[in-house]
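In my numbering, the protein residues as written are 24 to 341.
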(Lines of atoms letter the chains of each structure in order from A and count residues from 1; the text may use other names and numbers.)
(Lines give C-alpha, C1' and ligand atoms only; values in the text may rest on other atoms or scores of the structure.)
Protein backbone atom coordinates (compact mmCIF):
# COMPACT_ATOMS: atom_id res chain seq x y z
CA UNK A 1 0.00 0.00 0.00
CA UNK A 2 1.53 3.32 -1.09
CA UNK A 3 1.91 6.39 1.06
CA UNK A 4 -0.84 8.98 0.55
CA UNK A 5 1.74 11.56 -0.53
CA UNK A 6 2.78 9.38 -3.46
CA UNK A 7 -0.50 9.84 -5.30
CA UNK A 8 -1.30 12.67 -7.69
CA UNK A 9 -3.77 15.44 -6.97
CA UNK A 10 -6.17 14.00 -9.56
CA UNK A 11 -6.08 10.55 -7.94
CA UNK A 12 -6.72 12.05 -4.49
CA UNK A 13 -9.63 14.15 -5.75
CA UNK A 14 -11.19 11.18 -7.51
CA UNK A 15 -10.79 9.06 -4.38
CA UNK A 16 -12.27 11.79 -2.17
CA UNK A 17 -15.39 11.92 -4.35
CA UNK A 18 -16.03 8.19 -4.26
CA UNK A 19 -19.39 7.01 -2.92
CA UNK A 20 -20.30 3.57 -1.62
CA UNK A 21 -22.31 2.89 -4.78
CA UNK A 22 -19.17 3.43 -6.88
CA UNK A 23 -17.44 0.17 -7.82
CA UNK A 24 -14.04 1.18 -6.47
CA UNK A 25 -15.21 2.12 -2.98
CA UNK A 26 -17.81 -0.65 -2.78
CA UNK A 27 -15.06 -3.15 -3.47
CA UNK A 28 -13.14 -1.86 -0.44
CA UNK A 29 -16.24 -1.53 1.72
CA UNK A 30 -17.32 -5.07 0.89
CA UNK A 31 -14.10 -6.44 2.33
CA UNK A 32 -14.87 -4.96 5.75
CA UNK A 33 -16.53 -7.40 8.17
CA UNK A 34 -20.21 -6.74 8.66
CA UNK A 35 -20.79 -4.29 5.79
CA UNK A 36 -22.41 -6.73 3.36
CA UNK A 37 -24.15 -8.42 6.26
CA UNK A 38 -25.71 -5.09 7.26
CA UNK A 39 -26.82 -4.42 3.68
CA UNK A 40 -28.36 -7.89 3.30
CA UNK A 41 -30.06 -7.84 6.69
CA UNK A 42 -31.73 -4.56 5.83
CA UNK A 43 -32.72 -5.13 2.21
CA UNK A 44 -33.80 -8.76 2.70
CA UNK A 45 -35.68 -8.09 5.96
CA UNK A 46 -33.54 -10.75 7.68
CA UNK A 47 -32.22 -9.12 10.88
CA UNK A 48 -30.51 -12.33 12.03
CA UNK A 49 -28.82 -13.24 8.73
CA UNK A 50 -25.14 -14.05 9.15
CA UNK A 51 -22.51 -13.71 6.42
CA UNK A 52 -19.62 -16.13 6.90
CA UNK A 53 -17.59 -15.26 3.79
CA UNK A 54 -17.31 -12.37 1.34
CA UNK A 55 -15.40 -12.36 -1.95
CA UNK A 56 -15.19 -9.06 -3.82
CA UNK A 57 -14.68 -8.88 -7.59
CA UNK A 58 -15.16 -12.64 -7.88
CA UNK A 59 -14.78 -13.91 -11.43
CA UNK A 60 -17.20 -16.63 -12.50
CA UNK A 61 -16.76 -18.43 -15.82
CA UNK A 62 -19.99 -20.05 -16.88
CA UNK A 63 -21.97 -20.66 -20.06
CA UNK A 64 -19.12 -19.46 -22.27
CA UNK A 65 -19.16 -16.02 -20.64
CA UNK A 66 -17.07 -14.53 -17.84
CA UNK A 67 -18.72 -12.30 -15.24
CA UNK A 68 -17.21 -10.31 -12.36
CA UNK A 69 -19.30 -10.08 -9.21
CA UNK A 70 -19.05 -6.99 -6.98
CA UNK A 71 -19.48 -8.85 -3.67
CA UNK A 72 -20.30 -12.54 -3.40
CA UNK A 73 -21.44 -13.48 0.09
CA UNK A 74 -22.04 -16.85 1.64
CA UNK A 75 -24.50 -16.97 4.51
CA UNK A 76 -24.45 -19.29 7.47
CA UNK A 77 -27.30 -21.36 5.98
CA UNK A 78 -25.35 -21.95 2.74
CA UNK A 79 -27.08 -19.39 0.52
CA UNK A 80 -25.03 -17.47 -2.06
CA UNK A 81 -25.86 -13.75 -2.15
CA UNK A 82 -24.39 -11.55 -4.86
CA UNK A 83 -24.54 -7.83 -4.09
CA UNK A 84 -24.18 -5.72 -7.25
CA UNK A 85 -23.98 -1.92 -7.49
CA UNK A 86 -24.83 -0.18 -10.75
CA UNK A 87 -24.60 3.54 -11.53
CA UNK A 88 -25.34 3.85 -15.24
CA UNK A 89 -28.08 2.07 -17.14
CA UNK A 90 -26.95 -1.42 -18.07
CA UNK A 91 -27.74 -3.00 -21.43
CA UNK A 92 -30.45 -5.16 -19.82
CA UNK A 93 -30.48 -5.24 -16.01
CA UNK A 94 -33.28 -7.79 -15.74
CA UNK A 95 -31.65 -10.37 -18.01
CA UNK A 96 -28.29 -9.58 -16.45
CA UNK A 97 -29.51 -10.56 -12.97
CA UNK A 98 -31.12 -13.66 -14.42
CA UNK A 99 -27.80 -14.67 -15.97
CA UNK A 100 -25.88 -13.96 -12.77
CA UNK A 101 -28.25 -16.18 -10.79
CA UNK A 102 -27.96 -18.97 -13.36
CA UNK A 103 -24.15 -18.67 -13.50
CA UNK A 104 -23.84 -18.84 -9.71
CA UNK A 105 -26.19 -21.82 -9.56
CA UNK A 106 -24.15 -23.69 -12.16
CA UNK A 107 -20.80 -22.66 -10.64
CA UNK A 108 -21.56 -23.82 -7.11
CA UNK A 109 -23.60 -26.93 -7.81
CA UNK A 110 -21.42 -29.99 -7.11
CA UNK A 111 -20.97 -32.35 -10.05
CA UNK A 112 -23.67 -35.03 -10.04
CA UNK A 113 -25.60 -33.34 -7.22
CA UNK A 114 -29.30 -34.08 -6.82
CA UNK A 115 -31.52 -31.18 -7.83
CA UNK A 116 -32.67 -30.85 -4.22
CA UNK A 117 -29.06 -29.96 -3.33
CA UNK A 118 -28.72 -27.10 -5.83
CA UNK A 119 -27.65 -24.05 -3.79
CA UNK A 120 -30.03 -21.19 -3.05
CA UNK A 121 -29.02 -17.98 -4.81
CA UNK A 122 -30.00 -14.36 -4.17
CA UNK A 123 -29.03 -11.40 -6.34
CA UNK A 124 -29.26 -7.98 -4.66
CA UNK A 125 -29.08 -5.37 -7.44
CA UNK A 126 -28.56 -1.80 -6.17
CA UNK A 127 -28.88 0.97 -8.77
CA UNK A 128 -29.12 4.74 -9.07
CA UNK A 129 -32.18 4.35 -11.32
CA UNK A 130 -35.49 2.52 -11.09
CA UNK A 131 -34.74 -0.64 -13.07
CA UNK A 132 -38.32 -1.92 -13.03
CA UNK A 133 -39.88 1.58 -13.39
CA UNK A 134 -42.48 0.71 -10.75
CA UNK A 135 -41.73 3.61 -8.37
CA UNK A 136 -40.72 1.28 -5.53
CA UNK A 137 -37.53 1.48 -3.47
CA UNK A 138 -37.13 -2.29 -3.18
CA UNK A 139 -38.81 -4.99 -5.26
CA UNK A 140 -38.55 -8.71 -4.66
CA UNK A 141 -38.70 -10.74 -7.87
CA UNK A 142 -39.26 -14.47 -7.66
CA UNK A 143 -40.68 -17.22 -9.86
CA UNK A 144 -44.45 -17.60 -9.58
CA UNK A 145 -47.19 -19.91 -10.80
CA UNK A 146 -50.54 -18.68 -12.07
CA UNK A 147 -53.42 -19.82 -9.86
CA UNK A 148 -56.73 -18.78 -11.39
CA UNK A 149 -56.31 -14.99 -11.70
CA UNK A 150 -53.52 -14.59 -9.14
CA UNK A 151 -49.84 -15.49 -8.97
CA UNK A 152 -48.40 -17.64 -6.19
CA UNK A 153 -44.63 -17.72 -5.49
CA UNK A 154 -42.80 -20.96 -6.26
CA UNK A 155 -39.91 -21.65 -3.91
CA UNK A 156 -37.13 -22.68 -6.26
CA UNK A 157 -34.23 -21.21 -4.28
CA UNK A 158 -33.68 -18.18 -6.53
CA UNK A 159 -34.52 -14.61 -5.51
CA UNK A 160 -33.76 -11.29 -7.17
CA UNK A 161 -33.93 -8.07 -5.16
CA UNK A 162 -33.95 -4.78 -7.07
CA UNK A 163 -33.16 -1.75 -4.90
CA UNK A 164 -32.65 1.82 -6.03
CA UNK A 165 -31.53 5.15 -4.59
CA UNK A 166 -33.91 7.32 -6.63
CA UNK A 167 -37.19 6.32 -4.92
CA UNK A 168 -37.15 7.36 -1.25
CA UNK A 169 -40.11 5.90 0.63
CA UNK A 170 -38.86 6.95 4.06
CA UNK A 171 -38.11 3.38 5.17
CA UNK A 172 -34.91 2.03 6.75
CA UNK A 173 -34.14 0.51 3.36
CA UNK A 174 -34.27 3.94 1.71
CA UNK A 175 -32.20 5.41 4.52
CA UNK A 176 -29.51 2.81 3.88
CA UNK A 177 -29.62 3.33 0.12
CA UNK A 178 -29.36 7.12 0.46
CA UNK A 179 -26.20 6.68 2.56
CA UNK A 180 -24.62 4.96 -0.42
CA UNK A 181 -24.67 8.30 -2.28
CA UNK A 182 -22.68 10.23 0.35
CA UNK A 183 -19.23 11.51 -0.59
CA UNK A 184 -18.40 12.36 3.02
CA UNK A 185 -18.01 10.24 6.15
CA UNK A 186 -21.11 9.79 8.30
CA UNK A 187 -22.34 7.93 11.33
CA UNK A 188 -25.78 6.35 11.45
CA UNK A 189 -26.82 4.38 14.53
CA UNK A 190 -28.88 1.99 12.42
CA UNK A 191 -25.90 1.03 10.29
CA UNK A 192 -22.77 1.03 12.49
CA UNK A 193 -20.71 -1.34 10.33
CA UNK A 194 -21.21 0.76 7.19
CA UNK A 195 -20.61 3.95 9.17
CA UNK A 196 -17.35 2.68 10.66
CA UNK A 197 -16.12 1.50 7.28
CA UNK A 198 -16.87 4.77 5.47
CA UNK A 199 -15.26 6.74 8.30
CA UNK A 200 -12.10 4.67 7.95
CA UNK A 201 -11.85 5.29 4.21
CA UNK A 202 -12.79 8.95 4.31
CA UNK A 203 -11.09 10.13 7.53
CA UNK A 204 -7.92 8.06 8.03
CA UNK A 205 -4.72 8.22 6.05
CA UNK A 206 -4.64 4.45 5.72
CA UNK A 207 -8.18 4.36 4.32
CA UNK A 208 -7.50 7.24 1.96
CA UNK A 209 -4.35 5.50 0.72
CA UNK A 210 -6.37 2.36 0.02
CA UNK A 211 -8.89 4.39 -1.98
CA UNK A 212 -6.12 6.11 -3.94
CA UNK A 213 -4.51 2.77 -4.66
CA UNK A 214 -7.72 1.24 -6.01
CA UNK A 215 -8.48 4.38 -8.06
CA UNK A 216 -5.01 4.14 -9.55
CA UNK A 217 -5.52 0.43 -10.24
CA UNK A 218 -8.84 1.15 -11.90
CA UNK A 219 -7.20 3.88 -14.00
CA UNK A 220 -4.44 1.49 -15.09
CA UNK A 221 -6.96 -1.23 -15.87
CA UNK A 222 -9.08 1.27 -17.81
CA UNK A 223 -6.02 2.41 -19.77
CA UNK A 224 -5.02 -1.19 -20.42
CA UNK A 225 -8.53 -2.05 -21.61
CA UNK A 226 -8.65 1.10 -23.72
CA UNK A 227 -5.37 0.20 -25.40
CA UNK A 228 -6.58 -3.35 -25.96
CA UNK A 229 -9.87 -2.06 -27.35
CA UNK A 230 -7.93 0.28 -29.64
CA UNK A 231 -5.78 -2.64 -30.81
CA UNK A 232 -8.88 -4.75 -31.40
CA UNK A 233 -10.59 -1.85 -33.17
CA UNK A 234 -7.56 -1.38 -35.44
CA UNK A 235 -7.47 -5.10 -36.11
CA UNK A 236 -11.15 -5.04 -37.04
CA UNK A 237 -10.59 -1.93 -39.17
CA UNK A 238 -7.67 -3.58 -40.96
CA UNK A 239 -9.74 -6.69 -41.54
CA UNK A 240 -12.63 -4.58 -42.82
CA UNK A 241 -10.24 -2.72 -45.16
CA UNK A 242 -8.84 -6.01 -46.39
CA UNK A 243 -12.34 -7.30 -47.09
CA UNK A 244 -13.24 -4.00 -48.78
CA UNK A 245 -10.12 -4.18 -50.94
CA UNK A 246 -10.94 -7.77 -51.86
CA UNK A 247 -14.52 -6.79 -52.64
CA UNK A 248 -13.26 -3.87 -54.75
CA UNK A 249 -10.87 -6.19 -56.55
CA UNK A 250 -13.67 -8.67 -57.21
CA UNK A 251 -15.93 -5.85 -58.36
CA UNK A 252 -13.24 -4.56 -60.73
CA UNK A 253 -12.70 -8.11 -62.01
CA UNK A 254 -16.44 -8.55 -62.53
CA UNK A 255 -16.55 -5.16 -64.26
CA UNK A 256 -13.64 -6.20 -66.51
CA UNK A 257 -15.38 -9.47 -67.31
CA UNK A 258 -18.63 -7.64 -68.01
CA UNK A 259 -16.84 -5.18 -70.29
CA UNK A 260 -15.12 -8.09 -72.07
CA UNK A 261 -18.43 -9.89 -72.49
CA UNK A 262 -20.00 -6.67 -73.83
CA UNK A 263 -17.08 -6.22 -76.25
CA UNK A 264 -17.52 -9.77 -77.48
CA UNK A 265 -21.27 -9.28 -77.77
CA UNK A 266 -20.73 -6.04 -79.70
CA UNK A 267 -18.26 -7.77 -82.01
CA UNK A 268 -20.65 -10.67 -82.54
CA UNK A 269 -23.47 -8.23 -83.20
CA UNK A 270 -21.25 -6.33 -85.65
CA UNK A 271 -20.24 -9.52 -87.43
CA UNK A 272 -23.85 -10.63 -87.58
CA UNK A 273 -24.87 -7.22 -88.93
CA UNK A 274 -22.18 -7.35 -91.60
CA UNK A 275 -23.15 -10.89 -92.53
CA UNK A 276 -26.78 -9.86 -92.86
CA UNK A 277 -25.77 -6.83 -94.94
CA UNK A 278 -23.70 -9.05 -97.24
CA UNK A 279 -26.61 -11.41 -97.55
CA UNK A 280 -28.98 -8.54 -98.34
CA UNK A 281 -26.59 -7.17 -100.99
CA UNK A 282 -26.36 -10.62 -102.56
CA UNK A 283 -30.13 -10.76 -102.76
CA UNK A 284 -30.30 -7.26 -104.24
CA UNK A 285 -27.64 -8.16 -106.82
CA UNK A 286 -29.60 -11.19 -107.88
CA UNK A 287 -32.79 -9.08 -107.97
CA UNK A 288 -31.16 -6.70 -110.44
CA UNK A 289 -32.94 -7.12 -113.79
CA UNK A 290 -35.34 -9.71 -112.36
CA UNK A 291 -38.76 -9.63 -110.85
CA UNK A 292 -39.31 -10.26 -107.13
CA UNK A 293 -40.82 -13.61 -108.03
CA UNK A 294 -37.85 -14.66 -110.15
CA UNK A 295 -35.33 -13.61 -107.49
CA UNK A 296 -37.27 -15.36 -104.74
CA UNK A 297 -37.59 -18.53 -106.82
CA UNK A 298 -33.88 -18.49 -107.65
CA UNK A 299 -32.84 -18.05 -104.00
CA UNK A 300 -35.50 -20.30 -102.50
CA UNK A 301 -36.85 -17.56 -100.23
CA UNK A 302 -40.09 -15.67 -100.01
CA UNK A 303 -40.92 -12.54 -102.00
CA UNK A 304 -41.24 -10.70 -98.62
CA UNK A 305 -37.62 -11.63 -97.80
CA UNK A 306 -36.48 -10.23 -101.14
CA UNK A 307 -38.39 -6.99 -100.57
CA UNK A 308 -37.00 -6.73 -97.01
CA UNK A 309 -33.43 -7.08 -98.31
CA UNK A 310 -34.04 -4.41 -100.95
CA UNK A 311 -35.47 -1.99 -98.35
CA UNK A 312 -32.58 -2.60 -95.93
CA UNK A 313 -29.90 -1.90 -98.56
CA UNK A 314 -31.66 1.28 -99.68
CA UNK A 315 -31.68 2.46 -96.06
CA UNK A 316 -27.98 1.65 -95.63
CA UNK A 317 -26.93 3.34 -98.85
CA UNK A 318 -29.09 6.43 -98.39
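All C-beta atoms in this analysis are idealised placements derived from N, C-alpha and C, irrespective of residue type, glycine included.
Residue i, DSSP secondary structure in three states
i, result
"residue 174", "strand"
"residue 192", "coil"
"residue 234", "helix"
"residue 97", "strand"
"residue 29", "helix"
"residue 80", "strand"
"residue 151", "coil"
"residue 36", "helix"
"residue 266", "helix"
"residue 109", "strand"
"residue 132", "coil"
"residue 185", "strand"
"residue 207", "coil"
"residue 227", "coil"
"residue 42", "coil"
"residue 67", "coil"
"residue 169", "strand"
"residue 249", "helix"
"residue 127", "helix"
"residue 88", "strand"
"residue 160", "coil"
Identity of the residue in the options nearest residue i by Cα
i, options, result
"residue 111", "148, 81, 134 and 139", "148"
"residue 204", "291, 211 and 188", "188"
"residue 131", "257, 84, 274 and 262", "84"
"residue 82", "192, 92 and 254", "92"
"residue 108", "279, 323 and 120", "120"
"residue 65", "40, 194, 333 and 337", "194"
"residue 183", "302, 122 and 79", "122"
"residue 79", "106, 68, 88 and 87", "106"
"residue 77", "57, 263 and 180", "57"
"residue 206", "43, 30 and 33", "43"
"residue 49", "230, 32 and 70", "230"
"residue 98", "114, 88 and 70", "70"
"residue 150", "45, 276 and 279", "45"
"residue 36", "68, 137, 312 and 232", "232"
"residue 179", "269, 275, 285 and 138", "138"
Residue i and residue j closer than 9 angstroms at C-beta
i, j, result
"residue 306", "residue 318", "yes"
"residue 217", "residue 51", "no"
"residue 228", "residue 27", "yes"
"residue 127", "residue 95", "yes"
"residue 154", "residue 116", "yes"
"residue 161", "residue 167", "no"
"residue 336", "residue 294", "no"
"residue 324", "residue 316", "no"
"residue 302", "residue 332", "yes"
"residue 172", "residue 124", "no"
"residue 239", "residue 30", "yes"
"residue 190", "residue 170", "no"
"residue 34", "residue 246", "no"
Nearest-angstrom beta carbon gap, residue j and residue i [assumed within contact, 8 angstroms]
i, j, result
"residue 54", "residue 74", "The pair is not a contact, with the Cβ atoms about 12 angstroms apart (cut-off 8 angstroms)."
"residue 47", "residue 235", "Between residue 235 and residue 47 the Cβ distance is about 10 angstroms, and since that is not below 8 angstroms, they are no contact."
"residue 202", "residue 185", "That belief does not hold up - the Cβ atoms of residue 202 and residue 185 are roughly 18 angstroms apart, past 8 angstroms."
"residue 199", "residue 90", "At roughly 25 angstroms, the Cβ-Cβ gap does not stay under 8 angstroms, so residue 199 and residue 90 are not in contact."
"residue 339", "residue 321", "Not a contact, Cβ separation roughly 22 angstroms."
Proximity test, residue i beta-carbon vs the ligand FAD heavy atom, cut-off 8 angstroms
i, result
"residue 136", "Among the components of this structure there are no ligands whatsoever, and the ligand FAD is therefore not found."
CB contact below 9 angstroms: residue i versus chain D
i, result
"residue 249", "Note that chain D does not occur in the displayed structure, where there is just one protein chain."
Is it true that the segment 91 to 104 meets the segment 135 to 145, where meeting means three or more beta-carbon pairs spaced less than 8 angstroms apart? yes
Are the segment 220 to 231 and the segment 197 to 211 touching by the rule of at least three beta carbon pairs closer than 8 angstroms? yes
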